[in-house]
Every structure is written in C-alpha cells, then in structure tokens.
Amino acid sequence: MSRTDHETPLEETPASPPINAERLLQLITDEYESLPRQLKRIASYMSQQSDRIMVDRISDIARECEVHPSAIVRFSQRFGFSGFSEMQALFREAYTHKTTPVQNYQQRIRSMIANKSQKASGGDLARECVNATLSGIERLGLELDDVAFDKAVDLVVNADNIYVVGVRRSFAVADYLVYNLQHTNKRIHLISGLGGSYREQMRSVRANDLVIAISFSPYGKETQHCLRIAQHHQAKTLIITDSNLSPLAKRANAVLLVNEGSSFAFRSLSATLCLCQALFIAVAYRLELKVDEIHEQVGFDD
Numbered sequence: 001m002s003r004t005d006h007e008t009p010l011e012e013t014p015a016s017p018p019i020n021a022e023r024l025l026q027l028i029t030d031e032y033e034s035l036p037r038q039l040k041r042i043a044s045y046m047s048q049q050s051d052r053i054m055v056d057r058i059s060d061i062a063r064e065c066e067v068h069p070s071a072i073v074r075f076s077q078r079f080g081f082s083g084f085s086e087m088q089a090l091f092r093e094a095y096t097h098k099t100t101p102v103q104n105y106q107q108r109i110r111s112m113i114a115n116k117s118q119k120a121s122g123g124d125l126a127r128e129c130v131n132a133t134l135s136g137i138e139r140l141g142l143e144l145d146d147v148a149f150d151k152a153v154d155l156v157v158n159a160d161n162i163y164v165v166g167v168r169r170s171f172a173v174a175d176y177l178v179y180n181l182q183h184t185n186k187r188i189h190l191i192s193g194l195g196g197s198y199r200e201q202m203r204s205v206r207a208n209d210l211v212i213a214i215s216f217s218p219y220g221k222e223t224q225h226c227l228r229i230a231q232h233h234q235a236k237t238l239i240i241t242d243s244n245l246s247p248l249a250k251r252a253n254a255v256l257l258v259n260e261g262s263s264f265a266f267r268s269l270s271a272t273l274c275l276c277q278a279l280f281i282a283v284a285y286r287l288e289l290k291v292d293e294i295h296e297q298v299g300f301d302d
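Counting from 1, position 119 in the sequence shown corresponds to residue 119 in UniProt numbering; the numbering is continuous, with no gaps.
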C-alpha cells in the first residue's frame with residue numbers, strides 16, 4: 001500500500017464535516033480526482049450506493065470496495081469526520097423518513113444470509129432475484145433525472161448517425177437499444193468489436209454523429225477507447241452508467257445514471273433495459289413515429 005493511501009495533506013482536509021449527505025456527495029464528486037486509489041474506490045461506492053450507507057456496516061463497504069476497513073475510516077476523516085460512524089449518521093439523518101425499496105431489500109438479504117440454520121430453497125433464491133430486479137427498477141423511477149433524460153432524447157433525435165457500444169454484460173443492452181433505434185429512419189451502428197475491430201468500426205464517426213456508450217464499474221477499457229475516438233472526431237456522446245464519477249462521464253454531452261439491484265454477486269440488467277426502452281419510446285414520440293411503423297415486418301416469424 002502506497003504512502004498516499006495512508007496520508008492526506010492537511011490542506012485537503014475540510015475544517016468541519018459537510019452539514020448534510022447531499023453536500024458530502026457533492027464534495028466527493030468535486031474532489032474525486034485528487035483522492036488516492038483506494039479512496040477512489042470508496043468514493044465510487046458512496047456515489048453509487050448512497051441509499052445503502054445508513055444500513056451498511058464498515059466491513060460491508062470494505063468488502064465491496066476491496067479495501068481494509070481502516071481505509072473507510074481514512075475516507076471519513078478525509079472529509080472532516082471523526083470516523084465512519086459520524087459520517088454514517090449523516091446518511092441516517094437524511095434517509096430516516098425516506099426508506100427506499102433498496103434499503104428494505106438489503107436488510108432482508110442480510111437476514112437471509114445470516115440465518116445459517118435454514119437453507120434457502122430454489123424458490124427463495126428465485127424470489128431474491130426477482131426482488132433485486134424490482135429494487136433496481138424502483139430506484140430508477142425515484143432517481144431519474146428529467147433534465148438529463150430530455151437532453152439524451154434531444155441528442156438522439158438530432159444525430160445524423162448513431163453508434164452504440166457496450167462490452168461484456170453491457171453488450172446485451174447495447175444490442176437491444178440498437179434493435180429499438182433501428183425502427184426509426186436513423187442510421188444505427190452496433191460497435192461489436194468483432195475480431196477486435198473497435199477502432200475500425202469507429203472510423204466513420206463524425207461531428208454530427210452520436211455515440212451512446214453503456215458501461216458500469218469497473219468500466220470496459222474498450223468502451224473508453226471508443227469514447228476517446230468519438231471525442232477526437234468531436235462527435236456527441238451519451239453515457240449510460242452507474243455514477244457521475246465514472247471515467248466515461250467526463251466531458252460527456254449527457255449522462256443517464258442507473259443502479260441495478262443485485263442478488264449475491266450478480267447484477268440485474270432489467271433497470272438498464274427499462275431505461276433504454278423508455279429512451280426509445282421518448283424518441284419515437286418526438287419523431288412522431290406511427291405505431292404500424294414500429295411493428296415487425298409481415299412474413300417473418302420469431
């Protein structure tokens with residue numbers, strides 16, 4: 001562990017802690033780039049999972065961030081708190097009267113895992129996956145930024161060509177969004193990277209085009225490479241990701257945030273797919289597409 005992970009210059013430490021959770025999250029965003037590597041992991045977790053902090057234990061956060069619990073303490077002190085408990089109290093105060101479905105869900109999961117005397121059945125595990133999916137969709141509805149969403153619609157409507165990129169688990173979402181957008185008269189391109197040809201598939205991107213990138217922590221290197229090409233050619237960029245601290249969000253023209261529910265180590269894609277479907281419906285409405293223009297072509301079976 002490097003020296004910078006242990007020490008924080010005194011001038012970077014606030015004289016007093018933030019007065020509320022909203023101010024703390026803003027400070028985390030503002031100072032993210034100056035944080036040591038381990039503290040950046042914690043900052044990303046705080047940004048993405050702010051509604052869980054009030055019920056998380058320090059060991060839970062340390063495990064999720066792959067750091068030692070002492071790093072959580074250093075992070076708290078970095079923003080003017082005496083320790084984790086004082087920082088957590090800020091989130092408890094903010095969410096005491098606003099318990100979200102995600103918080104309730106996380107508490108139920110903890111109880112399920114802690115109960116070693118009763119083995120979970122297949123049905124229990126299935127319902128856990130369903131509940132994780134529901135929690136992500138409900139959170140999306142609660143946290144959707146109307147201004148950012150309208151800006152995303154504007155970008156799609158006004159683009160000459162649209163390129164969509166997503167790798168690994170995000171690839172399914174990218175393909176689904178391309179399928180939807182192909183029902184418009186726009187020229188739509190899926191950046192599949194087949195044979196490692198990301199650079200070649202991005203060669204024709206120009207200033208009046210839009211690149212839509214879908215990526216979640218730990219953020220695909222291939223997706224970041226495609227975005228650098230897009231920005232080099234001065235194309236517009238729309239990012240679908242899980243945090244404003246995402247490296248993809250820097251210099252993006254619009255960012256749509258979505259945090260999925262997860263069951264054990266697996267994250268759902270349902271909320272992200274829902275967001276993409278909502279984006280297409282809003283675009284179709286703006287373009288005044290007729291319903292019969294969106295239907296499947298006659299003569300083809302599923």
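Beta carbons are placed, not taken as given, at the ideal position from N, Cα and C, and that holds for glycine.
On the criterion of 16 or more Cβ atoms from any shown chain inside 10 Å, does residue i qualify as buried, or is it exposed?
i: residue 153; result: buried
i: residue 201; result: buried
i: residue 259; result: buried
i: residue 193; result: buried
i: residue 82; result: exposed
i: residue 150; result: exposed
i: residue 243; result: buried
i: residue 218; result: exposed
i: residue 199; result: exposed
i: residue 19; result: exposed
i: residue 126; result: exposed
i: residue 277; result: exposed
i: residue 128; result: buried
i: residue 211; result: buried
i: residue 268; result: buried
i: residue 37; result: exposed
i: residue 7; result: Any reading at residue 7 needs caution, since the residue's pLDDT is 43, under 50, leaving its predicted position unreliable; the model's value is listed next. Result: exposed.
i: residue 26; result: exposed
i: residue 228; result: exposed
i: residue 195; result: exposed
i: residue 176; result: buried
i: residue 23; result: exposed
i: residue 90; result: buried
i: residue 56; result: buried
i: residue 78; result: buried
i: residue 44; result: buried
i: residue 121; result: exposed
i: residue 197; result: exposed
Can you name the residues that DSSP bridges to residue i?
i: residue 161; result: 187
i: residue 241; result: 257
i: residue 236; result: 210
Helix, strand or coil, according to DSSP, for residue i in the structure here?
i: residue 211; result: strand
i: residue 136; result: helix
i: residue 167; result: coil
i: residue 206; result: coil
i: residue 119; result: coil
i: residue 144; result: coil
i: residue 225; result: helix
i: residue 250; result: coil
i: residue 18; result: coil
i: residue 284; result: helix
i: residue 54; result: coil
i: residue 35; result: coil
i: residue 289; result: coil
i: residue 218; result: coil
i: residue 67; result: coil
i: residue 81; result: coil
i: residue 193; result: coil
i: residue 49; result: coil
i: residue 231; result: helix
i: residue 277; result: helix
i: residue 182; result: coil
i: residue 8; result: The pLDDT assigned to residue 8 is 43, lower than 50, so where the model puts this residue is not dependable, and the model offers no usable value.
My guess is that residue i and residue j are in contact by the Cβ rule of under 8 angstroms, so how many angstroms apart are they, rounded?
i: residue 46; j: residue 28; result: 6 angstroms
i: residue 39; j: residue 74; result: 7 angstroms
i: residue 246; j: residue 133; result: Actually they do not touch by this definition, with Cβ atoms about 22 angstroms apart.
i: residue 183; j: residue 163; result: The pair is not a contact, with the Cβ atoms about 17 angstroms apart (cut-off 8 angstroms).
i: residue 253; j: residue 238; result: 7 angstroms
i: residue 256; j: residue 174; result: Not really, about 14 angstroms apart at Cβ, beyond 8 angstroms.
i: residue 187; j: residue 161; result: 5 angstroms
i: residue 72; j: residue 58; result: 5 angstroms
i: residue 241; j: residue 235; result: Not quite, the Cβ-Cβ distance comes to about 18 angstroms (not below 8 angstroms), so this is no contact.
i: residue 324; j: residue 17; result: Limits of the chain in this structure are 1 at one end and 302 at the other, which puts residue 324 out of reach.
i: residue 280; j: residue 144; result: The Cβ separation is near 15 angstroms, so there is no contact.
i: residue 220; j: residue 178; result: No, residue 220 and residue 178 are not in contact; Cβ-Cβ is about 17 angstroms, not under 8 angstroms.
i: residue 165; j: residue 223; result: 5 angstroms
Taking 8 angstroms as the threshold, find out whether the stretch 133-146 comes into contact with the stretch 199-219 through three or more Cβ pairs.
These segments do not touch.
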